[in-house]
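Structure, as structure tokens:
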Amino acid sequence: MKKNLWIPRQMFYRVLWPALISAVALAVADIADALVVGARVGERGLAAIGIVTPVYMIYNLIGYGFSTGGCVTHGKLTSAARNYDALCHFRTLAAWLLGISAVIAVGGNLLMMPLLSMLGVDGSRPELLALCEAYARPMIAAAPVFMLNFILYDFVRCDDGVRLASLGFSLGCAADLALNIVLVLILDMGVLGSIIATVAAQAISVIVMSIHLFTGRGVLRLMAIMRAVADPKEIRKEVFSSLTIGFSTSIRYVFQFLFLPLGNRLLLRAGDLGIIDGDLYVAVFDVVMNVSYVSSSVFQASSETMQPLASVFSEEHDRDSLKCVLRLALGWGLALGAALAGLLALFAGPVSSFFGVTENASQAVSVPAIRIFCLSAPMGGCLIILMGFYQSVGESKLSSLITLMRSALFLLPIAFVFGMFYPAGFWWLFPACEAASLLLLGMVTHFRRKIVRDADIPVFSAVMDNGDHELQRVMEGIERFCEEQEFPMKKAMQLQLAAEELCLVTLEKAFTGKPEEYIQVTLCEEKNGDFSLRIRNSAPYFNPLDMKMGRLQQDAKEEFLDSIGVMMVKKQAKALYYRNYEGFNVVLAIL
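Counting with the numbering used here, you get residues 2 to 592 for the letters of the sequence shown.
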């Protein structure tokens with residue numbers, strides 16, 4: 002393992018496991034309704050959930066549009082030490098999102114019958130219509146709870162609260178499954194019990210993650226959020242940037258909203274024509290979509306692990322670390338995702354039975370459908386990770402391209418063709434769509450080799466261990482870099498002094514001589530003419546800007562002598578900030 006990549010690798014692994022737990026828990030929660038309802042109510046209950054599922058797509062469109070782009074911007078703002086902007090940015094997004102969700106909750110229930118008709122069920126199927134209405138009304142009324150869950154999860158995760166976000170999400174998902182068992186299987190409340198369990202689980206997640214606003218280590222504090230003041234023009238600019246980034250990928254849920262009713266209508270039409278058993282194929286379609294949530298969970302976890310780190314490294318112009326976390330995300334995602342898809346394909350029969358599709362004739366349809374879908378999982382997973390990467394580094398055009406290819410350009414036309422002319426093999430649309438999307442993306446990126454938006458900014462980056470000789474090597478590298486970039490003599494000397502003093506105090510006061518103690522130094526000239534110097538180290542919590550830790554408190558004279566160098570840096574720097582992020586200490590000096 003290259004020493005220069007030790008820090009980004011450790012940061013990735015620190016986030017990966019909580020993200021995997023959350024993703025698996027989310028997959029379980031996603032399928033809990035279908036799993037329990039299928040066992041109790043049967044194929045008709047599965048069909049009802051499948052018909053109402055597009056409403057979740059609207060939730061995902063809005064929730065991820067605000068939260069995903071918002072957390073990317075939050076990471077950039079906090080990395081640049083713009084904490085008041087970050088607080089006002091979160092407050093504005095949260096207020097807008099809650100307002101929109103309140104409109105959905107009221108308007109959706111007032112227009113329930115037209116909505117269900119648009120989703121493909123009407124009075125011609127009264128029993129199915131009643132099941133759909135019983136499921137949809139509580140779900141739409143609870144829209145604010147769902148939206149709070151979206152924004153808290155992503156922001157807490159990116160505000161150095163990965164473990165709490167994972168805990169809250171996982172507890173909510175476990176509660177969803179447990180309450181489904183109690184309300185549906187034991188109390189026999191059917192689809193109504195299922196959606197009550199889901200709403201209660203969302204509320205539990207929100208309560209747990211809200212703890213971060215009172216006790217977390219990051220920037221977000223409830224009182225600070227309420228009191229923060231910043232330039233309104235800057236906040237509007239950052240909010241617009243967040244929504245542009247977020248909706249560049251969440252727009253896929255608009256097309257999924259169209260895709261699911263389209264698939265249901267095409268399969269029911271084929272059933273009316275006597276080509277297939279329409280109700281069975283709609284139920285199997287719901288099973289396949291639930292399998293897709295499980296198979297994509299690992300890839301989504303890899304993407305969520307990478308995104309906040311890629312956002313930070315992009316802001317720091319650290320291209321080597323960017324490439325490192327992308328390779329790790331692709332490697333772990335493909336390894337675990339392909340293995341999971343293989344298991345789902347191997348045990349397609351038991352998987353079908355879990356969802357209530359138990360008869361031999363029904364499994365003759367569901368088993369091949371699941372296995373055909375699993376062929377598409379690795380290709381789709383690569384696209385999920387690449388989409389998250391481009392989104393994090395500000396390449397919204399490429400992330401939008403992936404979204405449009407997978408959700409509209411290929412998915413809808415291919416679904417229409419298979420539904421009209423080959424409904425029995427409807428499931429082949431998934432590998433066909435992913436393969437076409439991956440091929441076109443490869444062609445586009447072949448001619449567009451720019452990976453990160455700021456590749457034209459020269460950057461010095463080096464990693465040193467706790468050896469005495471290492472500091473001299475890094476300082477010589479900084480001196481050469483300043484000469485090559487023709488930095489003004491005074492700025493070059495200030496940068497070298499700041500780097501040397503901050504590294505020295507870390508070596509002497511934070512490190513203990515153990516193996517794998519590293520300091521990462523990143524230096525560049527920003528586009529606005531400022532010079533940014535970042536010192537990241539792997540020591541336990543250590544803030545060199547206060548010099549009031551450990552043994553230093555025992556000797557005031559020694560503390561004063563040790564802090565002289567840092568005081569000189571403070572005096573010369575335009576701004577000097579400290580932050581502990583994902584277990585690593587970071588000092589940012591702007592000169």
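Even for Gly, the Cβ is constructed at its ideal location relative to N, Cα and C.
Are the Cβ atoms of ALA378 and SER303 separated by less than 7 Å? Not a contact, by the Cβ cut-off of 7 Å.
Using beta-carbon positions only, say whether ALA202 and GLY173 come within less than 7 Å of one another. yes
If contact is defined by three or more beta carbon pairs under 8 Å, each pair taking one atom from either stretch, is the segment 205-216 in contact with the segment 153-168? yes
Alpha-carbon to alpha-carbon, GLU502 and LYS234: The alpha-carbon separation between LYS234 and GLU502 amounts to approximately 37 Å.
Is DSSP giving THR523 helix, strand or coil here? strand
For LYS77, is the classification buried or exposed, using 16 other Cβ atoms within 10 angstroms of its Cβ as the cut-off for buried? buried
What residues in its chain sit with their C-beta under 6 Å from that of GLY64, if we drop five residues either side in the sequence? MET148, PHE151
Return the residue from the list PHE91, LEU337, LEU94 that minimises the CA-CA distance to VAL25. LEU337
Measure the CB-CB distance between PHE512 and ASN581 and report whether it falls below 7 Å. no
Helix, strand or coil: how does DSSP classify ILE277 here? DSSP places ILE277 in coil when its eight states are reduced to three.
Taking only the alpha-carbon atoms, compute the straight-line gap between ALA574 and ILE591 and give it to the nearest angstrom. 6 Å
Between which residues of its own chain and PHE411 is the CB-CB distance below 7 Å, once the five residues before and five after are set aside? CYS434, ALA437, SER438
Whole-angstrom distance between PHE91 and MET1, CA atom to CA atom: Shown here, the chain extends from 2 to 592; a query on residue 1 therefore has no answer.
Evaluate the contact criterion for the segment 396-403 versus the segment 238-250: three or more CB pairs, one atom per stretch, below 8 Å. yes
Cα-Cα separation, PRO369 to SER353: So the two alpha carbons sit approximately 11 Å from each other.
Helix or strand or just coil, what does DSSP make of VAL154? Val is not the amino acid found at residue 154; the sequence shown has Tyr there. Correct three-state label for TYR154: helix.
Assigned secondary structure, ARG126 (DSSP; H/G/I helix, E/B strand, else coil): coil
For GLY109, I'd like the list of residues in its chain whose CB is within less than 6 Å of its CB, leaving aside the five on either flank, ordered along the chain. ILE141
For GLY121, does the count of other Cβ atoms within 10 angstroms reach 16, so buried, or fall short, so exposed? buried
In angstroms with no decimal places, state the Cα-to-Cα distance between SER171 and ASP123. 36 Å
Check ARG580 in the structure and name its three-state DSSP category. strand
Start and end of the alpha helix (DSSP H) containing MET421? 412-422
Inter-residue spacing [alpha-carbon to alpha-carbon] between ARG320 and ASN361: Spanning the two alpha carbons is a distance of roughly 54 Å.
Terminal residues of the alpha helix (DSSP H) in which ILE105 lies: Counting along the chain, the alpha helix (DSSP H) containing ILE105 begins and ends at 84-111.
Nearest to LEU387 (by Cα), restricted to the options SER462, ASN61, THR306, ILE458: THR306
Which first and last residues belong to the beta strand (DSSP E) in which VAL588 is found? 585-591 is the extent of the beta strand (DSSP E) around VAL588.
Residue from GLY275, SER298, PHE260, GLN308 with nearest C-alpha to ASP287: PHE260
Considering only residues of the same chain and omitting the five flanking positions on each side of VAL460, which have a CB-CB separation below 8 Å? In its chain, beyond the 5 residues on either side, HIS318, ASP319, ARG320, THR523, LEU524, CYS525 have a beta carbon closer than 8 Å to the beta carbon of VAL460.
Under the three-state reduction of DSSP, which class applies to MET190: helix, strand or coil? coil
In angstroms with no decimal places, state the Cα-to-Cα distance between LEU223 and PHE215. 6 Å
Do ASN544 and THR507 have their beta-carbon atoms positioned less than 7 Å apart in this structure? no
Would you mind reading off the limits of the beta strand (DSSP E) that contains LEU546? It is not in any beta strand (DSSP E) - LEU546 carries neither H nor E in the DSSP assignment.
LEU498 to LYS510, Cα distance in whole Å? 18 Å
So which of VAL283, VAL299, SER298 has the shortest CA-CA distance to VAL358? Comparing Cα positions, the closest option is VAL283.
For GLU316, count the other beta carbons within 10 Å of its own beta carbon; 16 or more makes it buried, fewer makes it exposed. Which is it? buried
ARG537 - DSSP class collapsed to helix/strand/coil: Secondary structure at ARG537: strand, using DSSP grouped into helix, strand and coil.
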